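**Q** Protein chains in written order, with the numbering used here: chain Y, 8 to 343; chain F, 8 to 343.
A virtual CB, placed ideally from N, CA and C, is assigned to each residue, including glycine.
None of these values were measured; they are calculated from a predicted model.
2 protein chains.
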Amino acid sequence: MAARVGIREVAALAQVAQGTVSHFINHPDKVSLEKRERIQRAIDELGFVRNDAASQLRRGSSATIAYMAPDISNPFFATIAEGVEQRAAADGLSVFLANSNRSREREDAYLEMFQAHRVRGLLVASHGPIEDRLAHIRRLGTPSVLVGQRALASEQPSVSVDDELGGYLAARHLIEQSARRIAFVGGPLGVPQVADRIEGASRAVRECPDATLEVINVGTRTLAMGREVAAEIAKRSPERRPEAVFAVNDLLALGLMHGLVVDNGLRVPADILLVGYDDIEFAEASVIPLTSVRAPHEEFGVAAVDLLQAAVAKDAESAKQIVFQPKLMVRTSTVA
Amino acid sequence: MAARVGIREVAALAQVAQGTVSHFINHPDKVSLEKRERIQRAIDELGFVRNDAASQLRRGSSATIAYMAPDISNPFFATIAEGVEQRAAADGLSVFLANSNRSREREDAYLEMFQAHRVRGLLVASHGPIEDRLAHIRRLGTPSVLVGQRALASEQPSVSVDDELGGYLAARHLIEQSARRIAFVGGPLGVPQVADRIEGASRAVRECPDATLEVINVGTRTLAMGREVAAEIAKRSPERRPEAVFAVNDLLALGLMHGLVVDNGLRVPADILLVGYDDIEFAEASVIPLTSVRAPHEEFGVAAVDLLQAAVAKDAESAKQIVFQPKLMVRTSTVA
DNA sequence: TGAACAGCTTGACACGTTTCATTGCGGTGG
DNA sequence: CCACCGCAATGAAACGTGTCAAGCTGTTCA
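1) Have a look at residue 236(Y) and residue 109(Y) and give me their C-alpha separation to the nearest angstrom.
2) Would a C-beta distance cut-off of 8 Å place residue 254(F) and residue 233(F) closer than the cut-off?
3) Are the Cβ atoms of residue 187(Y) and residue 208(Y) separated by less than 8 Å?
4) Would you please verify whether the beta carbon of residue 8(F) is less than 8 Å from any beta carbon of chain Y?
5) Residue 83(F) bridges to which residues according to DSSP?
6) Candidates 330(Y), 339(Y), 304(Y), 327(Y): which alpha carbon is nearest residue 278(Y)'s?
7) Whole angstroms is fine: what's the gap from residue 50(Y)'s alpha carbon to residue 16(Y)'s?
8) By DSSP, does residue 234(F) sit in helix, in strand, or in coil?
9) Assign residue 58(Y) to one of three DSSP states: helix, strand, or coil.
10) Below 8 Å on C-beta distance, what does residue 59(F) contact in chain Y?
11) What separation, rounded to the nearest whole angstrom, lies between the Cα atoms of residue 181(Y) and residue 288(Y)?
12) Does any CB atom of chain F fall closer than 8 Å to the CB of residue 232(Y)?
13) Measuring alpha carbon to alpha carbon, tell me which of 271(F), 213(F), 298(F) ends up nearest residue 252(F).
14) Opposite residue 328(F) in the DSSP bridges: which residues?
15) Using beta-carbon positions only, say whether residue 178(F) and residue 212(F) come within less than 8 Å of one another.
16) Applying the 10 Å Cβ sphere with the 16-neighbour rule, what's the burial state of residue 69(F)?
17) Residue 262(Y) CB to nearest chain F CB: under 8 Å?
18) What separation, rounded to the nearest whole angstrom, lies between the Cα atoms of residue 329(Y) and residue 133(Y)?
19) Rounded to a whole number of angstroms, what is the C-alpha to C-alpha distance between residue 326(F) and residue 137(Y)?
20) Can you give the Cα-Cα distance for residue 150(Y) and residue 61(Y), rounded to whole angstroms?
21) From residue 256(Y) to residue 286(Y), what distance separates their C-alpha atoms?
22) Tell me the residue span of the beta strand (DSSP E) that contains residue 207(Y).
23) Between which two residues does the alpha helix (DSSP H) carrying residue 139(F) extend?
24) What is the DSSP secondary structure of residue 98(F), reduced to helix, strand or coil?
25) Which chain Y residues are close to residue 289(F), counting only those with a beta carbon under 7 Å from its beta carbon?
26) I think residue 165(F) touches residue 153(F), with their Cβ atoms under 8 Å apart; what is that distance to the nearest whole Å?
Here it is in structure tokens:
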């Protein structure tokens, strides 16, 4: 309401210099008790709230970092966001959360905006290649941590999971459960995470002479898409139908499960084994608990923030790439 | 990297006045083609990114709104966030997403921060009473829209669902399915949304003389809590066990389902009927599809942004309170 | 031919804060 | 009694941009 109230209005009302008010806000211990009280009273009375823009302009940097995810409604990314936020809060940082909605355009817009905001640094989860853009931004002065895929450039910090190993574990497990016709559902193949998981699954399949891996390429990785693919699979004759399905993430896997069991009357795991990836909370909570490759989401966020802090501090010195080891959580969906 | 580059460095390199560069950025049509090219080249060469702080300081307001949710990893809020973001993007606004993690402390910190940022307005989803704080902030010049609960004050815009009706629909449906001992699982009772749903359920129960409503009060509304409550319910002797459970949200409901069916070998709906609330995507996608009270999440975000825009424009004139009508989505979990 | 005019361009100032050199003041030690 | 010191407080400069009144150039109209 009322004409915008700034530090000088407060100073006038409290009968002190504006410099003193600024001190009160930023270094309260440097101000005498008497003036502290006067200033506090003036602030309350005027409803003063410091103008971040001016503050930031003057001091040159902001106590904010950004976390951009491709799809915040995927619990996998939401969980990471929570970890990021908690760690950042502990370090006195605020988090600018952004949802690129898998759109490259939106990604670019947000990246631009974060730079303009002069954030301390960026945490970026993305499908698709983004490293060169991050490199460019880093050269301009904003460090970043790539989340979810391992950086190729050694100067680029990243936090990721060994997706090749994850794919291997999943496929080997299916083979051990005596599945031979295995299908991988996921895509697009250009996404590094997807390619790595297929790579790992292929390795497991190669180890078993009579096992085969069919790749069913899909554009999106959602519940709805899982149902679609399930319908297609269910239509096949039993001998052409895969004995086991490895989905590139849990959303797809849960969609597949629903499609197979509810829409098409097949049984999991009796008719088809099913493995997911990410181990989101809903995987375990499913009525048919879903076997899934677990990445430690919670630690992801923490590690990413720490890495970013290091990058900010050491100024592009030893950029580290943390690679977590995935773990297979075996549950009902693959235990016949 | 390099010394921070501002509008004047660009101007120097392009051999124009800084005012012209500013024009180029904000009103490109006012600048001659020749200089436009020179300036663009200089910007590219220097890697100039405009300083948002300075810009915002000068123009006085920012093209940013904020959306704060209590729990971003609940798909209900994540979906709303997506709607908000898309609508905001269409209006040329950026969204500051924040996750208060159900902590009042964090809520306050974020609200303070948003004010300091001079955001256009706030979209606030919260459990617990927050209206007086919003009123205070509104008086200081930042409008807001309450999301998910209906505002009491007529000056406070809000977007919500008729929770009393939702509760009524859920309970009446259970009664129609010939359940008599009904349990409501949710809490805390101080949360308006929770209280309203109980209120509605009570009304339905009162309409049927031999129906009873037991309230099982829980502090959190998560999958894990649902499993806990399920264990407790399963332990009871069959005649003391509720015939139907109405959970205050889908997370709880899905946790209950898992707990009852997987952990304790009961059957849904054969042994116990189960209704949830919010109709998140996972409700329908469950292997036993969950009956749920549907609130139109997608429209929520859109409506909230529109309302906020109106509040910004008309300056506290006719604040509207939109109340959506809930719809019961009947699925397997209540059809014996 | 001169004046009015339109379209670009210019440079200075203002935005609200932080910072820094400086001043004022009371106390302490020589 | 003087010199010195530390602590508070002060006021002005600076951060990088947007805006605005004024200047400049070339064009149109009377």
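**A** Reading from the atomic positions:
1) Counted from its first residue, the first sequence places residue 236(Y) at position 229. Counted from its first residue, the first sequence places residue 109(Y) at position 102. For residue 236(Y) and residue 109(Y), the distance between alpha carbons rounds to 21 Å.
2) Working through the second sequence from its first residue, we reach residue 254(F) at position 247. Working through the second sequence from its first residue, we reach residue 233(F) at position 226. The answer is yes: Cβ separation under 8 Å.
3) The sequence position of residue 187(Y) within the first sequence is 180, counting from 1. The sequence position of residue 208(Y) within the first sequence is 201, counting from 1. No. Outside cutoff.
4) Within the second sequence, numbered from 1, the residue matching residue 8(F) stands at position 1. Confidence is the limiting factor: at residue 8(F) the pLDDT is only 45, short of 50, which leaves the residue's position unreliable, though a coordinate-based value still follows. Yes, contact with chain Y.
5) As a position in the second sequence, residue 83(F) is number 76, starting the count at 1. The partner list for residue 83(F) (beta bridge, DSSP) is empty, contrary to what the question assumes.
6) Residue 278(Y) sits at position 271 when you count from the first residue of the first sequence. Per the Cα distances, 339(Y).
7) Along the first sequence, read from residue 1 onward, the residue named residue 50(Y) stands at position 43. Along the first sequence, read from residue 1 onward, the residue named residue 16(Y) stands at position 9. C-alpha separation (whole angstroms): 9 Å.
8) Position 227 of the second sequence, counted from the start, is the residue given in the question as residue 234(F). Residue 234(F): helix per DSSP, three-state reduction.
9) Within the first sequence, the letter at position 51 stands for residue 58(Y). Three-state DSSP puts residue 58(Y) in coil, outside helix and strand.
10) Within the second sequence, numbered from 1, the residue matching residue 59(F) stands at position 52. Near residue 59(F) (Cβ distances below 8 Å), the residues of chain Y are 60, 120, 123, 124, 125.
11) As a working note, residue 181(Y) is residue 174 in the first sequence. As a working note, residue 288(Y) is residue 281 in the first sequence. Those two C-alpha atoms are separated by around 22 Å.
12) Residue mapping note: residue 232(Y) aligns to position 225 of the first sequence, counting from 1. Cβ-Cβ to chain F under 8 Å: no for residue 232(Y).
13) Position 245 of the second sequence, counted from the start, is the residue given in the question as residue 252(F). Answer by Cα proximity: 298(F).
14) The sequence position of residue 328(F) within the second sequence is 321, counting from 1. Note: residue 328(F) sits in a beta bridge opposite 165(F).
15) Taking the first residue of the second sequence as position 1, residue 178(F) is located at position 171. Taking the first residue of the second sequence as position 1, residue 212(F) is located at position 205. The answer is yes: Cβ separation under 8 Å.
16) Here residue 69(F) corresponds to residue number 62 of the second sequence, with the count starting at 1. It is buried - the Cβ of residue 69(F) has at least 16 other Cβ atoms within 10 Å.
17) One-based indexing of the first sequence puts residue 262(Y) at position 255. For residue 262(Y), the answer is yes, since a Cβ of chain F falls inside 8 Å of its Cβ.
18) The count along the first sequence starts at 1 and reaches residue 329(Y) at position 322. The count along the first sequence starts at 1 and reaches residue 133(Y) at position 126. In a straight line, the C-alpha of residue 329(Y) is about 17 Å away from that of residue 133(Y).
19) Numbered from its first residue, the second sequence carries residue 326(F) at position 319. Numbered from its first residue, the first sequence carries residue 137(Y) at position 130. Cα to Cα, the separation comes out at about 43 Å.
20) Here residue 150(Y) is taken as the residue at index 143 of the first sequence, counted from 1. Here residue 61(Y) is taken as the residue at index 54 of the first sequence, counted from 1. Straight-line Cα distance between these residues: approximately 23 Å.
21) Within the first sequence, numbered from 1, the residue matching residue 256(Y) stands at position 249. Within the first sequence, numbered from 1, the residue matching residue 286(Y) stands at position 279. In a straight line, the C-alpha of residue 256(Y) is about 8 Å away from that of residue 286(Y).
22) Start at 1 with the first residue of the first sequence, and residue 207(Y) comes out as number 200. Run containing residue 207(Y): none in the beta strand (DSSP E); it sits in the alpha helix (DSSP H), 199-213.
23) Counting from one through the second sequence, the residue named residue 139(F) turns up at place 132. Residues 138-146.
24) Along the second sequence, read from residue 1 onward, the residue named residue 98(F) stands at position 91. In the structure shown, residue 98(F) sits in coil (DSSP, three-state: anything other than H, G, I, E or B).
25) Translated into positions along the second sequence, residue 289(F) becomes position 282. 289, listed in chain order.
26) As a working mapping, residue 165(F) is identified with position 158 in the second sequence. As a working mapping, residue 153(F) is identified with position 146 in the second sequence. 4 Å between Cβ atoms; contact.
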